[in-house]
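Protein chains in written order, with my numbering: chain A, 1 to 340; chain B, 341 to 680. Quick reminder that beta carbons are idealized off the backbone N, C-alpha and C, glycines included.
Right, here's the structure in full:
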């Protein structure tokens, strides 16, 4: 798999981005990562790693970078030679099968959404999926921000696309699908979710559809794919990440009182155990969220991604960029047309 | 303050409910709690506490109870003599200044929403407020489920009502107000939040309005009142509670590996410290969420409320039931009419 990586996107780019690319191509001999961005700066980074497989790390120059605070659509139009648009251009022309960036989420999504010819056949609106932790393992939550005003049919399509993502990227066979709602009863929620519910019930997904999922239930993992509209999904995802940071921060303060009382050996082990636990629930482990419903793969990473996060994102991109993934989504959407 | 307490509402009612009432009247000599429900069962509970101030714990009989899974509006109509409707009846007739229940949330809210004559002058739609933990202390989040299809004007009113709640119940003077959104930029989100934002900016709240608040920012407490529509708020609140349960559960498993290695004295202190930390972020500390915008106070408690949660809810009810709170909300809403 050949993947375009926006080397300039991310809080500390290009350092950790290039490092992540090197780790990824070392781990996967079939992967080539095209580093897109300021060629001088990228080459400086590459030179730090004498034994990097340079033949699988080509560089494509892009002279501009879209800042995190710029308005995406305006910035894309003004900065023609930006690293995100260049990366999408490589996918659009068939040179790569996936794009990855830790830069402006808005610009990454807008590049995909503005380019309808990149949509897979049958897809109404692409969606961003995220991984949510649960007692039964990872849950695919979507949409977390691509579409602020979806129709019931969109939510249904999210169920189809999320199932394919859960199966191929998260390794969950025949994943259960749930609808995020404010209660477990049938008639709960707003018009959008009530209509979406009806679509699921008469669709080929009906046998895997577990009905409404409340905020608390997300952590149970009873549904391994949970669909919602992009506004709620985005707020929820960020609050979930905030909860991990907040609670572990409070925990660290609380533990500090006790750790000084312990023999250093125990204190070290305990501290290490907690850090390991925190790492398990951080976004870095999952390497960014994919924009689903497009030809090829697009993985959107956190601005604060380190080399580990980029490496994981490239791994997921390689999976999601495979042709059969797109075919699975197409097939799933064609099988149904539940909206009458 | 005279408060009606649904003695039959809650997973283990009436035991912990009656116990909470006794604790509350002991703590506040000016409080009378009218215990509403099956008089035989309530009296049995009261008899366990020989020294309870029985003169401030009158009983009003109600022969029926609305179950947690019953459809609220149907159940209210079918079970005329249920403890929730009886409690609201006492407030409607002026006998009490507040109602508290750990029973069916839907029935508590429906009783309030169906009774428009209980709305404060100027209130378009009541909202449920919840307390969200942050690094700067409690944040008032609303609406968490009263209204699934609010207008921008409703969100603005939530800001006014939430400010009064934050000031009187949470002790925050001149609280900052934020709008839950998917990004910090002005034009982010959907039509609802963009229009609500415009209302805030030209209102008397403008000086305290801090703009958009993302899911992650909730924990920063930069805004001490955060408004959102009821669907997102409900999902978010339950996910936040789920996060505390989930992360502390994982933590307990992780810690168990280390605690056995420690001298029992240390293990006990550490375990106790963690339980204390968890308790700080549990809903029980805040005693339920109020339905704001009505004459008098209505506090909705968790089904799993214990005596501590009920005691705290009664304390908040006594504050929120004061006449000046209603007057403050009325004044706030009258001062503005920002919708042209």
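Where the alpha helix (DSSP H) through residue i begins and ends
{"i": "residue 232/A", "result": "230-259"}
{"i": "residue 665/B", "result": "663-674"}
{"i": "residue 105/A", "result": "105-113"}
{"i": "residue 203/A", "result": "Note, residue 203/A: premise wrong, no alpha helix (DSSP H); not H, not E."}
{"i": "residue 149/A", "result": "No alpha helix (DSSP H) holds residue 149/A; DSSP gives it neither H nor E."}
{"i": "residue 427/B", "result": "423-432"}
{"i": "residue 312/A", "result": "307-320"}
{"i": "residue 358/B", "result": "355-367"}
Integer-rounded CB distance, given that residue j should sit under 8 Å from residue i
{"i": "residue 37/A", "j": "residue 7/A", "result": "4 Å"}
{"i": "residue 343/B", "j": "residue 373/B", "result": "5 Å"}
{"i": "residue 660/B", "j": "residue 509/B", "result": "6 Å"}
{"i": "residue 367/B", "j": "residue 650/B", "result": "With a Cβ gap of about 12 Å, residue 367/B and residue 650/B do not count as contacting."}
{"i": "residue 236/A", "j": "residue 575/B", "result": "6 Å"}
Start-to-end residues for the beta strand (DSSP E) that takes in residue i
{"i": "residue 290/A", "result": "289-292"}
{"i": "residue 346/B", "result": "342-346"}
{"i": "residue 218/A", "result": "Taken as a continuous stretch (DSSP letters only), residue 218/A belongs to no beta strand (DSSP E), as it is neither H nor E."}
{"i": "residue 35/A", "result": "32-37"}
{"i": "residue 73/A", "result": "Here residue 73/A belongs to no beta strand (DSSP E); instead the alpha helix (DSSP H) covers 72-78."}
{"i": "residue 128/A", "result": "127-132"}
{"i": "residue 397/B", "result": "Taken as a continuous stretch (DSSP letters only), residue 397/B belongs to no beta strand (DSSP E), as it is neither H nor E."}
{"i": "residue 640/B", "result": "637-640"}
{"i": "residue 139/A", "result": "139-142"}
{"i": "residue 460/B", "result": "Residue 460/B -> no beta strand (DSSP E), and no H or E assigned at all."}
{"i": "residue 607/B", "result": "No beta strand (DSSP E) holds residue 607/B; the alpha helix (DSSP H) holding it covers 604-620."}
{"i": "residue 551/B", "result": "549-553"}
{"i": "residue 9/A", "result": "Counting along the chain, residue 9/A falls outside any beta strand (DSSP E), and DSSP gives it neither H nor E."}
{"i": "residue 440/B", "result": "438-441"}
{"i": "residue 178/A", "result": "177-180"}
Residue nearest to residue i in terms of C-alpha spacing, selected from the options
{"i": "residue 615/B", "options": "264/A, 101/A, 250/A and 290/A", "result": "250/A"}
{"i": "residue 296/A", "options": "211/A, 46/A, 159/A and 328/A", "result": "328/A"}
{"i": "residue 61/A", "options": "28/A, 83/A and 306/A", "result": "83/A"}
{"i": "residue 165/A", "options": "13/A, 94/A and 316/A", "result": "316/A"}
{"i": "residue 540/B", "options": "575/B, 479/B and 493/B", "result": "493/B"}
{"i": "residue 335/A", "options": "141/A, 254/A, 280/A and 203/A", "result": "203/A"}
{"i": "residue 370/B", "options": "386/B, 385/B and 393/B", "result": "393/B"}
{"i": "residue 617/B", "options": "247/A, 261/A, 288/A and 281/A", "result": "247/A"}
{"i": "residue 385/B", "options": "358/B, 653/B and 367/B", "result": "358/B"}
{"i": "residue 383/B", "options": "399/B, 395/B, 352/B and 592/B", "result": "399/B"}
{"i": "residue 497/B", "options": "530/B, 408/B and 467/B", "result": "467/B"}
{"i": "residue 143/A", "options": "70/A, 163/A and 211/A", "result": "163/A"}
{"i": "residue 408/B", "options": "475/B, 350/B and 455/B", "result": "350/B"}
{"i": "residue 14/A", "options": "312/A, 133/A and 307/A", "result": "307/A"}
{"i": "residue 432/B", "options": "412/B, 456/B and 421/B", "result": "456/B"}
{"i": "residue 254/A", "options": "602/B, 596/B, 613/B and 576/B", "result": "613/B"}
{"i": "residue 50/A", "options": "22/A, 40/A, 5/A and 196/A", "result": "22/A"}
{"i": "residue 72/A", "options": "109/A, 167/A and 90/A", "result": "109/A"}
{"i": "residue 673/B", "options": "499/B, 559/B and 445/B", "result": "499/B"}
{"i": "residue 419/B", "options": "404/B, 426/B and 430/B", "result": "404/B"}
{"i": "residue 364/B", "options": "601/B, 379/B and 345/B", "result": "345/B"}
{"i": "residue 139/A", "options": "195/A, 289/A, 70/A and 86/A", "result": "289/A"}
{"i": "residue 35/A", "options": "132/A, 57/A and 257/A", "result": "57/A"}
{"i": "residue 20/A", "options": "322/A, 324/A, 331/A and 304/A", "result": "304/A"}
{"i": "residue 534/B", "options": "545/B, 547/B, 551/B and 546/B", "result": "551/B"}
{"i": "residue 471/B", "options": "664/B, 670/B, 620/B and 658/B", "result": "620/B"}
{"i": "residue 105/A", "options": "145/A, 141/A and 135/A", "result": "145/A"}
Any residues in the region 57-79 of chain A with a beta carbon nearer than 9 Å to a beta carbon of chain B? Which ones, in chain order? Shown in chain order are the members of the region 57-79 of chain A whose Cβ falls below 9 Å from a Cβ of chain B: 69 and 71.
Quick check: the region 97-105 of chain A against the region 507-516 of chain B, are at least 3 beta-carbon pairs closer than 8 Å? Contact fails: fewer than three Cβ-Cβ distances are below 8 Å.
Is there contact between the region 131-151 of chain A and the region 219-231 of chain A, where contact requires at least three CB pairs shorter than 8 Å? Contact holds: three or more Cβ-Cβ distances are below 8 Å.
Three or more C-beta pairs below 8 Å linking the region 258-273 of chain A and the region 179-189 of chain A: The answer is no - the region 179-189 of chain A does not touch the region 258-273 of chain A, with fewer than three Cβ pairs under 8 Å.
Which residues, in chain order, does the region 187-202 of chain A contribute to contact with chain B at a C-beta distance below 7 Å? Within the region 187-202 of chain A, contact with chain B at the beta-carbon level (separation under 7 Å) is assigned to 189 and 190.
Check distances from the C-beta atoms of the region 479-509 of chain B to those of chain A and list, in chain order, the residues that come in under 7 Å. Hits within the stretch, in order: 485, 488 and 489.
When you check each C-beta in the region 595-609 of chain B against every C-beta of chain A, which residues fall closer than 8 Å? Closer than 8 Å at the C-beta level to chain A, one finds these residues of the region 595-609 of chain B: 595, 597, 598, 601, 602, 606 and 609.
Taking beta-carbon pairs under 7 Å, can you tell me which members of the region 210-224 of chain A lie near chain B? The residues in question are 214, 215, 216, 218 and 219.
Is there contact here, the region 630-645 of chain B with the region 447-463 of chain B, by at least three beta-carbon pairs under 8 Å? Yes: the two stretches touch, three or more of their Cβ pairs being nearer than 8 Å.
Members of the region 229-242 of chain A that neighbour chain B once the beta carbon cut-off is set at 8 Å: Residues of the region 229-242 of chain A with a C-beta less than 8 Å from any C-beta of chain B: 230, 231, 232, 234, 235, 236, 237, 238, 239, 240, 241 and 242, listed in chain order.
Which residues, in order along the region 642-664 of chain B, keep a beta-carbon less than 7 Å from a beta-carbon of chain A? Within the region 642-664 of chain B, no residue qualifies.
Along the region 90-119 of chain A, what residues have a CB closer than 7 Å to any CB found in chain B? Going along the region 90-119 of chain A in chain order, one finds no residue with a Cβ nearer than 7 Å to chain B.
Taking only beta carbons into account, state which residues of the region 515-527 of chain B come closer than 9 Å to chain A, listed in chain order. Contacts with chain A (Cβ-Cβ distance below 9 Å) from the region 515-527 of chain B involve 520, 521, 522, 523, 524, 525 and 527, listed in chain order.
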